[in-house]
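There are 2 protein chains.
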Amino acid sequence: MTHWIRFRNAGGSIGFGTLDQHSGRVVQHEGAMFDRPRPTDISFAADDLTLLAPCQPSKVIALWNNYYALSQKLDKAPPQHPLFLIKPPMSVIGPNESIRRPKSYQGKIAYEGELGIVIGKTVSGASVEEAEEAIFGYTCVNDVTAIELLQQDPNFAQWCRSKGFDTFTCLGPAIVTPGNGFDWRTANVVTTLEGVERQNYPLDDMIFSPAEQVSMLSQDMTLVPGDVIACGTSIGVGSIKDGARVDVSIAGIGTLSNVLAV
Amino acid sequence: MTHWIRFRNAGGSIGFGTLDQHSGRVVQHEGAMFDRPRPTDISFAADDLTLLAPCQPSKVIALWNNYYALSQKLDKAPPQHPLFLIKPPMSVIGPNESIRRPKSYQGKIAYEGELGIVIGKTVSGASVEEAEEAIFGYTCVNDVTAIELLQQDPNFAQWCRSKGFDTFTCLGPAIVTPGNGFDWRTANVVTTLEGVERQNYPLDDMIFSPAEQVSMLSQDMTLVPGDVIACGTSIGVGSIKDGARVDVSIAGIGTLSNVLAV
Numbered sequence: 001m002t003h004w005i006r007f008r009n010a011g012g013s014i015g016f017g018t019l020d021q022h023s024g025r026v027v028q029h030e031g032a033m034f035d036r037p038r039p040t041d042i043s044f045a046a047d048d049l050t051l052l053a054p055c056q057p058s059k060v061i062a063l064w065n066n067y068y069a070l071s072q073k074l075d076k077a078p079p080q081h082p083l084f085l086i087k088p089p090m091s092v093i094g095p096n097e098s099i100r101r102p103k104s105y106q107g108k109i110a111y112e113g114e115l116g117i118v119i120g121k122t123v124s125g126a127s128v129e130e131a132e133e134a135i136f137g138y139t140c141v142n143d144v145t146a147i148e149l150l151q152q153d154p155n156f157a158q159w160c161r162s163k164g165f166d167t168f169t170c171l172g173p174a175i176v177t178p179g180n181g182f183d184w185r186t187a188n189v190v191t192t193l194e195g196v197e198r199q200n201y202p203l204d205d206m207i208f209s210p211a212e213q214v215s216m217l218s219q220d221m222t223l224v225p226g227d228v229i230a231c232g233t234s235i236g237v238g239s240i241k242d243g244a245r246v247d248v249s250i251a252g253i254g255t256l257s258n259v260l261a262v
Numbered sequence: 001m002t003h004w005i006r007f008r009n010a011g012g013s014i015g016f017g018t019l020d021q022h023s024g025r026v027v028q029h030e031g032a033m034f035d036r037p038r039p040t041d042i043s044f045a046a047d048d049l050t051l052l053a054p055c056q057p058s059k060v061i062a063l064w065n066n067y068y069a070l071s072q073k074l075d076k077a078p079p080q081h082p083l084f085l086i087k088p089p090m091s092v093i094g095p096n097e098s099i100r101r102p103k104s105y106q107g108k109i110a111y112e113g114e115l116g117i118v119i120g121k122t123v124s125g126a127s128v129e130e131a132e133e134a135i136f137g138y139t140c141v142n143d144v145t146a147i148e149l150l151q152q153d154p155n156f157a158q159w160c161r162s163k164g165f166d167t168f169t170c171l172g173p174a175i176v177t178p179g180n181g182f183d184w185r186t187a188n189v190v191t192t193l194e195g196v197e198r199q200n201y202p203l204d205d206m207i208f209s210p211a212e213q214v215s216m217l218s219q220d221m222t223l224v225p226g227d228v229i230a231c232g233t234s235i236g237v238g239s240i241k242d243g244a245r246v247d248v249s250i251a252g253i254g255t256l257s258n259v260l261a262v
């Protein structure tokens with residue numbers, strides 16, 4: 001498995017490359033992450049870099065009710081097709097960036113730790129096999145939600161608004177490519193709030209697998225490199241106090257850490 | 001008022017420029033439409049060009065229940081804040097491009113004629129006055145909907161899916177800048193199906209005005225140049241038979257014509 005990151009270096013330049021988790025060294029690459037990236041002879045200590053969101057999606061497709069445990073807890077039947085909303089590109093932030101409370105909103109803000117699928121190829125109408133090949137890798141997602149807005153209007157569930165605010169899609173720290181030691185089927189999503197574990201659920205409880213999601217969603221809309229599908233969350237969602245830190249960890253990917261700014 | 005268009009010329013090159021409606025001539029511009037475009041000495045007869053969607057939004061924000069007449073007909077209270085969903089960039093097509101029925105869907109496909117606001121400046125947390133200045137212009141929108149999917153799942157209204165398919169956001173034919181003869185307050189949206197009028201509603205029946213929409217939405221999320229807000233539709237929505245043509249016309253902007261491909 002390879003860990004791909006985007007970063008800003010000490011001089012302020014933005015780049016991307018691969019992170020060696022043992023040595024902590026980053027090898028800068030040139031070209032494009034999703035189109036024949038080539039290693040350069042420039043490398044950095046990861047500690048000297050500011051990590052950015054590892055990709056810049058044209059859209060983030062966020063699933064609801066995609067885990068059997070949560071569907072049982074909510075007493076909602078598992079869906080026949082992925083149920084989703086779309087989060088806008090400007091909602092994306094990277095590791096260690098602050099989640100900002102909307103000025104207009106004083107209600108509860110919820111964390112949702114999730115697996116994120118990162119698309120590597122333009123794909124439309126894909127079979128499950130083709131979809132598997134279109135998956136570049138996986139990252140951690142905190143799908144932040146202004147939860148009290150969701151049902152504020154009795155006639156219209158405000159999924160896009162409650163999840164679409166600037167800074168409400170935390171991505172990172174890295175994109176791990178599948179194979180060579182990383183298999184989502186054996187991983188858990190672990191979410192901690194101020195260091196206390198709140199979510200710890202197995203990814204193999206997923207209703208629609210990553211390749212099934214990519215295949216089914218690609219029947220609806222063309223997916224392009226860098227797009228992210230947030231696979232939905234499971235039980236243990238809760239709210240973040242102002243100033244509190246949320247860590248979303250998936251073994252093999254890393255830990256995505258973000259604070260809700262005071 | 002100026003009519004901005006994007007086009008492909010006979011040689012296959014993509015460009016943008018201004019259309020003189022009397023002479024039918026297009027003056028190609030260089031630079032960027034939203035950042036100090038400069039006229040070139042190249043011009044074309046509009047008839048020799050293929051019109052494209054007049055902008056390439058990073059997101060399309062589509063409002064629901066934004067006209068008093070429709071809210072009365074639906075017996076839903078006017079909302080306190082714009083109710084919206086997000087349509088992905090790949091859903092956008094231009095004038096005369098075909099709407100494509102999703103292979104997976106045999107149900108009714110609805111037209112919705114709407115006014116589209118095109119954003120000209122990056123804007124966040126804008127006052128209504130600042131929002132007014134961030135509006136580059138207006139275009140026609142056909143907000144196409146796979147209407148039978150919307151309530152297919154009893155637990156989750158599928159707004160993003162039913163409206164997010166490739167080719168389900170028709171934009172054009174031009175973006176008209178406000179002032180000098182164009183005022184949305186005095187215009188109607190007229191939608192015809194196979195030449196028969198189905199919608200004809202005044203824009204001044206809008207619940208949230210364009211500047212109010214831009215101001216309120218910009219409190220939630222940063223809007224960027226080229227983004228489109230579809231202002232919602234009013235009464236007269238209906239379904240399109242395969243092969244039928246829908247024309248959305250707004251006096252001063254033009255007519256947006258699209259066929260649902262057989």
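Chains Z and L supply the protein sequences, listed in that same order. The numbers in the UniProt record's numbering rise by one with no breaks, and the one at position 233 of the first sequence is 233. The numbers in the UniProt record's numbering rise by one with no breaks, and the one at position 198 of the second sequence is 198. Note that CB positions come from ideal geometry on N, CA and C, so glycine has one too. Note that this is a predicted model, so its numbers are computed, not measured.
{"query": "Counting Cβ pairs, one atom from each stretch, are 3 or more of them under 8 Å apart for the stretch 131–140 of chain L and the stretch 233–240 of chain L?", "result": "no"}
{"query": "Does the Cβ of asparagine 180 of chain L have 16 or more other Cβ atoms within 10 Å, making it buried, or fewer, making it exposed?", "result": "exposed"}
{"query": "Is there a Cβ from chain L that is less than 7 Å from the Cβ of leucine 115 of chain Z?", "result": "no"}
{"query": "Look at alanine 174 of chain Z and glycine 120 of chain Z and say whether their C-beta atoms are less than 7 Å apart.", "result": "no"}
{"query": "Can you name the residues of chain L whose CB is closer than 8 Å to the CB of threonine 222 of chain Z?", "result": "Met90, Asp166"}
{"query": "Is the separation between the beta-carbon of threonine 122 of chain Z and that of valine 224 of chain Z shorter than 7 Å?", "result": "yes"}
{"query": "With DSSP collapsed to three states, give me the class of glycine 116 of chain Z.", "result": "strand"}
{"query": "Measure the alpha-carbon distance for tyrosine 111 of chain L versus valine 246 of chain L and round it to whole angstroms.", "result": "7 Å"}
{"query": "Determine, using beta carbons only, whether methionine 216 of chain Z and proline 82 of chain Z come nearer to each other than 7 Å.", "result": "yes"}
{"query": "So for alanine 134 of chain L, helix, strand or coil by DSSP?", "result": "helix"}
{"query": "Compile a chain-ordered list of the residues in the stretch 84–109 of chain L whose CB is closer than 8 Å to at least one CB of chain Z.", "result": "Phe84, Leu85, Ile86, Lys87, Pro88, Pro89, Met90, Ser91, Pro102, Lys103, Ser104"}
{"query": "Can you have a look at residue 274 of chain L and say buried or exposed, based on whether 16 or more other CB atoms are within 10 angstroms of its CB?", "result": "Any property of residue 274 of chain L remains undetermined from this structure, which presents chain L solely from 1 to 262."}
{"query": "Which same chain residues end up closer than 8 Å to glycine 107 of chain Z when comparing Cβ atoms and leaving out the 5 residues on each side of it in sequence?", "result": "Ala146, Ile147, Glu148, Leu149"}
{"query": "Would you tell me roughly how many angstroms separate the C-alpha atoms of valine 18 of chain L and tryptophan 4 of chain L, rounded to the nearest one?", "result": "The question names valine, yet the displayed sequence has threonine at residue 18 of chain L. Spanning the two alpha carbons is a distance of roughly 5 Å."}
{"query": "Quick check: is the beta carbon of lysine 76 of chain Z nearer than 7 Å to any beta carbon in chain L?", "result": "yes"}
{"query": "When you compare the CB of proline 79 of chain L with every CB in chain Z, is at least one pair closer than 7 Å?", "result": "yes"}
{"query": "How should lysine 163 of chain L be labelled, buried or exposed, when 16 other C-beta atoms within 10 angstroms of its C-beta is the threshold for buried?", "result": "buried"}
{"query": "Could you tell me the distance, in whole angstroms, from the CA atom of alanine 46 of chain Z to the CA atom of glycine 11 of chain Z?", "result": "14 Å"}
{"query": "Under DSSP, the alpha helix (DSSP H) around glutamate 212 of chain Z begins and ends at which residues?", "result": "210–220"}
{"query": "Mind checking whether phenylalanine 16 of chain Z and histidine 29 of chain Z have CB atoms under 7 Å apart?", "result": "yes"}
{"query": "Among the residues of its own chain, which have a CB less than 6 Å from the CB of threonine 2 of chain Z, if the five just before and after it don't count?", "result": "Thr18, Thr177"}
{"query": "Count the other C-beta atoms from every protein chain shown that fall within 10 angstroms of the C-beta of isoleucine 14 of chain L, then say buried if there are 16 or more, exposed otherwise.", "result": "exposed"}
{"query": "Are any of the Cβ atoms in chain Z nearer than 7 Å to that of phenylalanine 16 of chain L?", "result": "no"}
{"query": "Do the stretch 85–98 of chain L and the stretch 152–171 of chain L meet, that is, are 3 or more Cβ pairs less than 8 Å apart?", "result": "yes"}
{"query": "Does alanine 157 of chain L come within less than 7 Å of chain Z when only Cβ atoms are used?", "result": "yes"}
{"query": "Considering only their Cβ atoms, is the gap separating serine 218 of chain L from alanine 126 of chain L smaller than 7 Å?", "result": "yes"}
{"query": "Residues of chain Z with a CB under 8 Å from the CB of asparagine 65 of chain L: which are they?", "result": "Asn155, Phe156"}
{"query": "Could you have a look at glutamine 72 of chain Z and say whether DSSP puts it in helix, strand or coil?", "result": "helix"}
{"query": "Please classify alanine 46 of chain L: does DSSP put it in a helix, a strand, or coil?", "result": "helix"}
{"query": "Any beta carbon of chain L sitting closer than 7 Å to that of glutamine 219 of chain Z?", "result": "yes"}
{"query": "Taking valine 201 of chain Z as the reference, which of Z:Val214, Z:Ile42, Z:Ala187 has the closest Cα?", "result": "For the record, residue 201 of chain Z in the displayed sequence is tyrosine; it is not valine. Ranking the options by Cα distance to tyrosine 201 of chain Z, first place goes to Z:Ala187."}
{"query": "Cβ closer than 8 Å: which chain L residues qualify as neighbours of serine 58 of chain Z?", "result": "Ser58, Pro88, Pro89, Met90"}
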